[in-house]
Amino acid sequence: MKDLASLYLRRNGDATLVAQALALAVTKQAMKPTPEQQAMRDRVNEQGEKIRRRKHHD
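In terms of the UniProt record's numbering, the sequence shown opens at residue 1 and continues consecutively.
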């Protein structure tokens, strides 16, 4: 994983982008939500959608 990043760095030189991509990949892997967390997120997102829709109607 580290070798891949350094190889990419030598070719493209954008360290922050590589670091962010690796961090994101690792974080996504580590933070797979439990079904309860996912349900909660879905509810929150639905509420957000309802509020946004209401704002657009005004």
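Just so you know, even glycine gets a beta-carbon here, dropped at the ideal spot from N, CA and C.
A straight-line Cα-Cα distance of about 27 angstroms links A39 and Q20. Just so you know, the alpha carbons of V44 and T27 end up roughly 21 angstroms apart.
In this structure R41 does not touch P35 by the C-beta definition: roughly 11 angstroms separates them, more than the 8 angstroms allowed.
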